[in-house]
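Undergrad: If you're matching them up, the sequences are chains A and B in order.
Residue numbers for the first sequence follow our numbering, so the first one is 63 and each next one is one higher.
Residue numbers for the second sequence follow our numbering, so the first one is 63 and each next one is one higher.
Every residue gets a Cβ at the ideal spot worked out from N, C-alpha and C, and that includes glycine.
Number of protein chains: 2
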Amino acid sequence: MGGLAMTYTYQHPHPAVTVDAVVFGFDDADLKLLLIQRKLAPFKGAWALPGGFVRLDENLEAAARRELMDETGITRLYLEQLYTFGEADRDPRERVISVAYYALVKLSDHALQAASDAENVAWFPVAELPKLGFDHERIVEIALKRLKAKVRYEPIGFELLPVKFTLGELQRLYEAVLEQPLDKRNFRKKILGMELLEALDEYQQDVAHRAAQYYRFNRQRYEQLAKRGFNFEL
Amino acid sequence: MGGLAMTYTYQHPHPAVTVDAVVFGFDDADLKLLLIQRKLAPFKGAWALPGGFVRLDENLEAAARRELMDETGITRLYLEQLYTFGEADRDPRERVISVAYYALVKLSDHALQAASDAENVAWFPVAELPKLGFDHERIVEIALKRLKAKVRYEPIGFELLPVKFTLGELQRLYEAVLEQPLDKRNFRKKILGMELLEALDEYQQDVAHRAAQYYRFNRQRYEQLAKRGFNFEL
DNA sequence: ATCAAAAAGTGTAATTACTACACTAAGAAA
DNA sequence: TTTCTTAGTGTAGTAATTACACTTTTTGAT
Numbered sequence: 063m064g065g066l067a068m069t070y071t072y073q074h075p076h077p078a079v080t081v082d083a084v085v086f087g088f089d090d091a092d093l094k095l096l097l098i099q100r101k102l103a104p105f106k107g108a109w110a111l112p113g114g115f116v117r118l119d120e121n122l123e124a125a126a127r128r129e130l131m132d133e134t135g136i137t138r139l140y141l142e143q144l145y146t147f148g149e150a151d152r153d154p155r156e157r158v159i160s161v162a163y164y165a166l167v168k169l170s171d172h173a174l175q176a177a178s179d180a181e182n183v184a185w186f187p188v189a190e191l192p193k194l195g196f197d198h199e200r201i202v203e204i205a206l207k208r209l210k211a212k213v214r215y216e217p218i219g220f221e222l223l224p225v226k227f228t229l230g231e232l233q234r235l236y237e238a239v240l241e242q243p244l245d246k247r248n249f250r251k252k253i254l255g256m257e258l259l260e261a262l263d264e265y266q267q268d269v270a271h272r273a274a275q276y277y278r279f280n281r282q283r284y285e286q287l288a289k290r291g292f293n294f295e296l
Numbered sequence: 063m064g065g066l067a068m069t070y071t072y073q074h075p076h077p078a079v080t081v082d083a084v085v086f087g088f089d090d091a092d093l094k095l096l097l098i099q100r101k102l103a104p105f106k107g108a109w110a111l112p113g114g115f116v117r118l119d120e121n122l123e124a125a126a127r128r129e130l131m132d133e134t135g136i137t138r139l140y141l142e143q144l145y146t147f148g149e150a151d152r153d154p155r156e157r158v159i160s161v162a163y164y165a166l167v168k169l170s171d172h173a174l175q176a177a178s179d180a181e182n183v184a185w186f187p188v189a190e191l192p193k194l195g196f197d198h199e200r201i202v203e204i205a206l207k208r209l210k211a212k213v214r215y216e217p218i219g220f221e222l223l224p225v226k227f228t229l230g231e232l233q234r235l236y237e238a239v240l241e242q243p244l245d246k247r248n249f250r251k252k253i254l255g256m257e258l259l260e261a262l263d264e265y266q267q268d269v270a271h272r273a274a275q276y277y278r279f280n281r282q283r284y285e286q287l288a289k290r291g292f293n294f295e296l
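#1: Only counting runs of 3 or more residues, tell me where the beta strand (DSSP E) segments fall wholly within the segment 215-248 of chain B, in order along the chain.
#2: Taking buried to mean at least 16 other C-beta atoms within 10 Å of its own C-beta, is residue 254 (chain A) buried or exposed?
#3: Would residue 209 (chain A) count as contacting chain B if we go by Cβ distances under 8 Å?
#4: Count the other CB atoms within 10 Å of the CB of residue 107 (chain A); is the residue buried (16 or more) or exposed (fewer)?
#5: So the beta strand (DSSP E) residue 204 (chain A) belongs to, where does it begin and stop?
#6: Taking C-beta to C-beta, are residue 94 (chain B) and residue 186 (chain B) nearer than 8 Å?
#7: Taking 8 Å as the cut-off, does the segment 256-265 of chain A touch the segment 276-286 of chain A (at least 3 CB pairs, one atom from each stretch)?
#8: When you compare only the Cα positions, how much space is there between residue 283 (chain A) and residue 218 (chain A)?
#9: Is there at least one Cβ from chain A nearer than 8 Å to residue 111 (chain B)'s Cβ?
#10: Entirely within the segment 105-178 of chain B and at least 4 residues each: give me those alpha helix (DSSP H) ranges in chain order.
#11: Check the Cβ of residue 115 (chain A) against every Cβ in chain B and list those closer than 8 Å, keeping chain order.
#12: Roughly how many whole angstroms lie between the Cα atoms of residue 156 (chain A) and residue 72 (chain A)?
#13: Taking the beta strand (DSSP E) that residue 278 (chain B) belongs to, which residues open and close that run?
#14: Given a limit of 7 Å on CB to CB distance, which residues of the segment 151-170 of chain A reach chain B?
#15: Could you compute how far the alpha carbon of residue 285 (chain B) sits from the alpha carbon of residue 229 (chain B)?
#16: So what does residue 99 (chain A) bridge to, in DSSP terms?
#17: Beta carbon of residue 98 (chain B), beta carbon of residue 133 (chain B): below 8 Å?
#18: Taking the straight line between their C-alpha atoms, what separation do you get for residue 304 (chain A) and residue 114 (chain B)?
#19: Within 10 angstroms of its Cβ, does residue 265 (chain A) collect 16 or more other Cβ (buried), or is it exposed?
#20: Can at least three beta-carbon pairs, one atom from the segment 194-214 of chain A and one from the segment 233-250 of chain A, be found at a separation below 8 Å?
#21: What's the gap between the Cα of residue 89 (chain A) and the Cα of residue 172 (chain A)?
#22: Using a Cβ-Cβ distance under 8 Å, would residue 217 (chain A) count as near chain B?
#23: What number of angstroms, rounded off, separates the C-alpha of residue 67 (chain A) from the C-alpha of residue 216 (chain A)?
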């Protein structure tokens, strides 16, 4: 990629293609979003989604993973294509088509590394986002909508939690994503009734109240049940 | 576009970007797909999805509509972005990223025009598709999955039917898309209970059995209800 | 004219899923 | 030992879903 004065020539005009990622995390209270502060024009100094140009020999998803690794150090994540944004005027420099992905990460794994790069990287609660460059606010809006819809019919919420979690944590996660309170007893009845959670012989330590039991999501079991027509639904 | 020996030069390599469209129709028995027969290599002679290159000053959806108009004569349709396919090796010529759309059209409007162009255009039942060029079989598969999911929670099925239709036709449409039989009484109870259909004072003519009443979908009413939190669900 | 064929049109009872709701248990801190 | 905080638990009422069979209307054939 270096500073060689190389050029690329085509018979037809080609747009630039980038990938951008909307990375969600959850910290037991808020749903959060990972943003980077731009070092270059346009929108220099503004916050924006991590992302960058797709290399010619690289699949789209690989490009998204590479950019996330490079810009934020994040490596283990749930990643899914969101939507492709291609308004002719969405980038002031040239025609840029951006394939957006959304990602779910376990904040516990990545809270530290996030700021480790040279770039300015930070988590923001989705309710308190700064102004974003380009059309990234629209992208975030669509990602939130998608997450909100998908979390109800696929067990992706667990991607935002540590491997072991309490039912209270799980409920708070759903309440944060869905932006609505849930009834504790109904929530537990339903989620336990699916038999996708394994109760561990382990309890919270050093909490100033009754210690909650830990559970973990049994993905294998989910995949078996899904094959036989089971549908996760909350 | 013409045959000018013009070239386009960039500092970084740029992929080509195309749009492809998965166009669905329904003929009162089968869900059908619109395909064109390729006149040029690669995959010359093979059937493929209508599509083509995005122009630099043109939004993605506009490109999809333009290509559909040019290649098949279809103009009024429901169009929605499906997914973006960007495997590095999906086109043998060069790196091509394709933004796929899926479309729903009223076959009654387009049955004739489809074949009017110079290109060879035809409707195929989705159960009897020919081999397709590129990765278009995968695109079709994903489009079918999306249609099947979406038809259950948004009233898009009506896009595949004439403006007026009988409840039998509507049920057959849902059975074709969902690939499962539905109970007649429960289907009617549910769909009429939503109060989105307007019964017309009009009945089938010249049918060799009791004539069915015609209905039409009231989109205005749907949009009002949707604003107040109503969710279509079948 | 009568009959056969084909799809339209209609209701109810049983089952299942969803909702609303309040107290006791456990542990830490004051 | 009292207070605070969250964990953990069941039931009754309501709403939604499912399964299911006969009559009506029209055409075409005998």
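TA: According to the data block:
#1: none
#2: The residue you call residue 254 (chain A) lines up with position 192 of the first sequence. By the Cβ-count criterion, residue 254 (chain A) is exposed, with fewer than 16 other Cβ atoms from all chains shown falling within 10 Å of its own Cβ.
#3: As a first step, residue 209 (chain A) must be located in the first sequence, where it is residue number 147. It does not: the Cβ of residue 209 (chain A) has no partner Cβ on chain B nearer than 8 Å.
#4: The residue given as residue 107 (chain A) occupies position 45 in the first sequence. With fewer than 16 Cβ atoms within 10 Å of its Cβ, residue 107 (chain A) is classed as exposed.
#5: Residue numbering aside, residue 204 (chain A) sits at position 142 when the first sequence is read from its first letter. Element bounds for residue 204 (chain A): not the beta strand (DSSP E) but the alpha helix (DSSP H), 198-212.
#6: Taking the first residue of the second sequence as position 1, residue 94 (chain B) is located at position 32. Taking the first residue of the second sequence as position 1, residue 186 (chain B) is located at position 124. The answer is yes: Cβ separation under 8 Å.
#7: yes
#8: For the purposes of this step, residue 283 (chain A) is taken as the residue at position 221 of the first sequence. For the purposes of this step, residue 218 (chain A) is taken as the residue at position 156 of the first sequence. Near 14 Å, if we compare the C-alpha coordinates of residue 218 (chain A) and residue 283 (chain A).
#9: Within the second sequence, numbered from 1, the residue matching residue 111 (chain B) stands at position 49. Not closer than 8 Å to any Cβ of chain A, the Cβ of residue 111 (chain B) fails to qualify, so no.
#10: 122-134 and 169-172
#11: Your numbering for residue 115 (chain A) matches position 53 in the first sequence. In chain order: 74.
#12: As a first step, residue 156 (chain A) must be located in the first sequence, where it is residue number 94. As a first step, residue 72 (chain A) must be located in the first sequence, where it is residue number 10. Between the C-alpha atoms of residue 156 (chain A) and residue 72 (chain A) there is a straight-line separation of about 16 Å.
#13: Numbered from 1 along the second sequence, position 216 holds the residue referred to as residue 278 (chain B). Under the DSSP assignment, residue 278 (chain B) falls in the beta strand (DSSP E) whose first and last residues are 275-279.
#14: Going along the segment 151-170 of chain A in chain order, one finds 157, 159 and 161 with a Cβ nearer than 7 Å to chain B.
#15: Residue 285 (chain B) sits at position 223 when you count from the first residue of the second sequence. Residue 229 (chain B) sits at position 167 when you count from the first residue of the second sequence. Distance between the alpha carbons of residue 285 (chain B) and residue 229 (chain B): 21 Å.
#16: Your numbering for residue 99 (chain A) matches position 37 in the first sequence. Bridge partners of residue 99 (chain A): A:109 and A:182.
#17: Taking the second sequence and counting its residues from 1, the one referred to as residue 98 (chain B) is at position 36. Taking the second sequence and counting its residues from 1, the one referred to as residue 133 (chain B) is at position 71. Cβ atoms of residue 98 (chain B) and residue 133 (chain B): closer than 8 Å.
#18: Beyond the ends of chain A as shown, which are 63 and 296, falls residue 304 (chain A); an answer cannot be given.
#19: Mapped onto the first sequence, residue 265 (chain A) falls at position 203. Its Cβ having fewer than 16 others within 10 Å, residue 265 (chain A) is exposed.
#20: yes
#21: Here residue 89 (chain A) refers to the residue found at position 27 of the first sequence. Here residue 172 (chain A) refers to the residue found at position 110 of the first sequence. Each residue's Cα considered, the two are about 11 Å apart.
#22: Looking up residue 217 (chain A) in the first sequence gives position 155. With 8 Å as the cut-off, residue 217 (chain A) does not count as an interface residue toward chain B.
#23: Residue 67 (chain A) sits at position 5 when you count from the first residue of the first sequence. Residue 216 (chain A) sits at position 154 when you count from the first residue of the first sequence. Their Cα atoms are separated by approximately 48 Å.
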